[in-house]
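Take the sequence shown: its letter number 117 is residue 151 in this note's numbering, and every next letter is one higher.
From the three backbone atoms N, C-alpha and C, an ideal C-beta is built for every residue, glycine too.
Please read all numbers here as calculations on a predicted model, not as lab measurements.
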Amino acid sequence: MKELFNRICDSLEQGEPVVCATIFGSRGSSPRTSGAKMIIFKDKNIFGTVGGGRLESQVLTKSTEIFSSKKNITMHFDLNGLKETDMICGGEVEVLLEYLNPRDVDIYKTSLNSIEKNERAYFITSLNKENLTVNRYLYTYNNENIKGSRGLDRELYDKLKDSLGKKQLKTVDIDSYTYIIESISNNEVLYIFGAGHISEKLAMLTKMVDFKTVVIDDRNTFASRERFPSVDEIMVINSFDEDINIEIDEDTYMVLITRGHASDFKVMKQVLNSKAKYIGMIGSKRKRTEICSKLKAEGYVEEDFLRIHSPVGLEINADTPAEIAVSIAAELIKVRGENK
């Protein structure tokens with residue numbers, strides 16, 4: 035979302051309008067789910083996708099009319115007719131195509147600022163179903179601060195608040211308006227403990243799929259920008275024997291891939307009772323058994339071990355560091371998707 039909002043702001047600040055396509059309703063096995071976005075520039079370049087194929091082609095064609103009319107439209111696609119759509123996914127989707135002109139830049143800049151400050155923020159689009167006019171608001175969850183194109187009054191907020199806090203796009207119909215509520219935050223942080231070969235490949239993948247990625251190791255020759263150019267942060271600690279000073283909450287994911295059993299155990303002992311959504315540990319079933327036996331001696335019980343993903347990653351017969359990294363990234367995506 036950050037890069038998409040960046041692209042919108044860049045274009046609008048240069049005086050160039052864009053068309054923003056958003057899937058705000060989907061049923062069945064559509065190629066993209068609610069919340070998928072694509073921006074279309076006047077030169078027909080695009081950023082993002084709403085599913086490709088005939089659907090996306092029709093959206094691109096319709097955008098030409100929108101640049102001329104400067105009016106918003108909604109489009110309904112029934113993808114169940116295979117011959118007509120060339121799309122085997124099936125399902126139905128509703129797409130909102132918005133004309134964004136340079137005057138709209140402020141709400142996107144404010145939203146981008148919230149994303150960069152890592153605020154828990156929600157972008158709310160109110161769509162008048164009769165004339166398709168749009169108003170936009172930003173709600174920041176941290177301090178219940180509401181910013182937008184006009185005031186989002188308390189009565190309306192009370193009607194929408196049950197849909198705030200959700201990560202998937204939600205729609206709420208009130209009178210003649212549809213409110214499209216989107217989480218624009220990226221609060222999911224992955225801590226990779228260990229900066230070896232698997233970690234190097236894993237960090238590349240997790241950044242591609244929008245995890246804020248932090249690498250932690252006690253070896254500065256391994257935990258370096260040369261090896262991890264794209265990660266958000268590199269933490270070089272003195273030793274895994276020491277307490278690791280990180281913030282852990284329900285949006286935290288952790289993968290333990292340190293250089294040995296001893297350091298994996300030391301980290302696991304610190305994080306097992308945390309609020310983390312995901313804790314994965316590299317190694318065999320035998321290693322898991324040994325680590326859990328040591329943890330029992332520290333006072334942990336069998337129930338605590340149920341949350342440990344080990345051997346880490348989905349079973350895809352992975353062998354090389356890159357393949358193992360793919361299996362781990364896939365499991366992270368799976369867990370994230372289950373919790374939306």
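query: Beta-ladder partner(s) of residue 61, from DSSP; result: 126
query: Close beta carbons around residue 326, own chain, < 7 Å, minus the five adjacent residues each side; result: 339
query: With 16 other Cβ atoms within 10 Å as the buried cut-off, status of residue 110; result: exposed
query: Secondary structure of residue 292, DSSP reduced to three states; result: coil
query: 7 Å CB neighbourhood of residue 61 in its chain, flanking five on each side removed; result: 125, 126
query: C-beta atoms of residue 378 and residue 311 nearer than 8 Å; result: Residue 378 cannot be examined here, being either before or after the span of the chain that is shown, 35 to 374.
query: Beta-carbon gap between residue 38 and residue 71 smaller than 8 Å; result: yes
query: Contact belief for residue 154 with residue 219 at Cβ below 8 Å, rounded distance in angstroms; result: 5 Å
query: Residue 239 in three-state terms, based on DSSP; result: helix
query: Unbroken beta strand (DSSP E) run spanning residue 270, endpoints; result: 267-270
query: Short Cβ contact (8 Å threshold) for residue 36 with residue 203; result: no
query: Distance between beta carbons of residue 262 and residue 268, contact taken as under 8 Å; result: 6 Å
query: Close Cβ partners of residue 319 (< 7 Å) along its chain, the five nearest in sequence each way excluded; result: 345
query: Nearest-angstrom beta carbon gap, residue 264 and residue 229 [assumed within contact, 8 Å]; result: Between residue 264 and residue 229 the Cβ distance is about 14 Å, and since that is not below 8 Å, they are no contact.
query: Identity of the residues DSSP links to residue 56 by a beta bridge; result: 71, 130
query: Nearest-angstrom beta carbon gap, residue 364 and residue 358 [assumed within contact, 8 Å]; result: Not really, about 11 Å apart at Cβ, beyond 8 Å.
query: Those residues which DSSP pairs with residue 109 across a bridge; result: 129
query: Check whether residue 53 and residue 130 have beta carbons under 8 Å apart; result: no
query: C-beta contact flag for residue 226 and residue 247 at 8 Å; result: yes
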